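Participant: What follows is a single structure, and I will ask about it in a moment.
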Amino acid sequence: MNGVFSTVTQDNVAYTQNSTYIAKISVIEDRIIISLNDIVVFDVEDASLTNGRIGVYCG
Amino acid sequence: MSSSGILSGTPVLEGQYRFKVKITDSSPIPQINYQDLWLYVNANLFEEHFSGSLGQWTIVDDGTETGPSKWNITSGQLVQSSNIWDGISDANQIAKLGTYAYAGDTLWHNYEYILKLRSSDDDGFGVMFRFIDNDNYYRFSMDKQRAYRRLVKK
Numbered sequence: 028m029n030g031v032f033s034t035v036t037q038d039n040v041a042y043t044q045n046s047t048y049i050a051k052i053s054v055i056e057d058r059i060i061i062s063l064n065d066i067v068v069f070d071v072e073d074a075s076l077t078n079g080r081i082g083v084y085c086g
Numbered sequence: 026m027s028s029s030g031i032l033s034g035t036p037v038l039e040g041q042y043r044f045k046v047k048i049t050d051s052s053p054i055p056q057i058n059y060q061d062l063w064l065y066v067n068a069n070l071f072e073e074h075f076s077g078s079l080g081q082w083t084i085v086d087d088g089t090e091t092g093p094s095k096w097n098i099t100s101g102q103l104v105q106s107s108n109i110w111d112g113i114s115d116a117n118q119i120a121k122l123g124t125y126a127y128a129g130d131t132l133w134h135n136y137e138y139i140l141k142l143r144s145s146d147d148d149g150f151g152v153m154f155r156f157i158d159n160d161n162y163y164r165f166s167m168d169k170q171r172a173y174r175r176l177v178k179k
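Structure below.
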């Protein structure tokens, strides 16, 4: 928040190179659900940010 | 409503709709009960098929190594082909700055964001959401080389 990174949650699973993933991010109030190919990866509650745009990232 | 009590139709406006159902039995002194039903209709806020320009998207490079980014549209896909990064390979350093493209409205609140992702490289990539500005956002990323999936907030 406000320029400082922090981890909400993580695991140690690597992706498969050149595979296509259908990602779905659901944000409902303070609940964040992230699914890949219809399998829930993360289901967490965090109320730090309540609204905002979408984006894609490489790094 | 049909004779069997099925209420059907296609909603055309977003919003919250309340239906109040009255239930009366057939006894000589009828017993009456009420039940509220709510229907939530969501709008399609944004749809992108990547034909033509990147007009709705804003590109930001915050990685300092091997830039700049190379975003372009190829065969209906948004492709980033540069190896831009921040030069810090330690998996535990969570900033992992590189490049990103964002679109939409800062007022978007509750939503589902669905897209297809693919990487021909082994570095980190992913999505951002509830993005306000470069200092305030969530980012979900996956990294093959460093073997993690991670949700961070900034």
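One line per chain: the protein sequences are R and D, in this order.
Counting in the numbering used here, the first sequence runs from 28 upward without gaps.
Counting in the numbering used here, the second sequence runs from 26 upward without gaps.
Don't be surprised by glycine CBs; every beta carbon is placed ideally from N, CA and C.
Computed from a predicted structure; not experimentally measured.
Any contact of the region 72-81 of chain R with the region 122-131 of chain D, i.e. 3+ C-beta pairs under 8 Å?
Facilitator: Result yes; three or more Cβ-Cβ pairs closer than 8 Å.
Participant: Are any of the Cβ atoms in chain D nearer than 8 Å to that of V92(R)?
Facilitator: Only positions 28 to 86 of chain R appear in this structure, which leaves residue 92(R) out of reach.
Participant: Pull up the distance between the alpha-carbon of E39(D) and that of V54(R), whole angstroms please.
Facilitator: For E39(D) and V54(R), the distance between alpha carbons rounds to 18 Å.
Participant: Where does T47(R) sit, in a helix, a strand or coil, going by DSSP?
Facilitator: The answer is coil: DSSP assigns T47(R) none of H, G, I, E or B.
Participant: Within 10 angstroms of its Cβ, does V46(D) collect 16 or more other Cβ (buried), or is it exposed?
Facilitator: V46(D) is exposed by the Cβ-count criterion.
Participant: Identify every residue that forms a DSSP beta bridge with M153(D).
Facilitator: G82(R), R164(D).
Participant: Can you tell which of Q170(D), V152(D), A172(D) has the C-alpha that lies nearest to the C-alpha of Y163(D)?
Facilitator: Nearest option by C-alpha distance: V152(D).
Participant: According to the Cβ coordinates, are Q37(R) and K169(D) closer than 8 Å?
Facilitator: No. Outside cutoff.
Participant: Less than 8 Å between the beta carbons of F154(D) and Y173(D), yes or no?
Facilitator: No, the Cβ-Cβ distance between F154(D) and Y173(D) is not below 8 Å.
Participant: Report, in whole angstroms, the separation of the C-beta atoms of I52(R) and I61(R), which I expect to be a contact under 8 Å.
Facilitator: 5 Å between Cβ atoms; contact.
Participant: Distance check for W110(D) and K95(D), CA to CA, integer angstroms please.
Facilitator: Approximately 12 Å between the Cα atoms of the pair.
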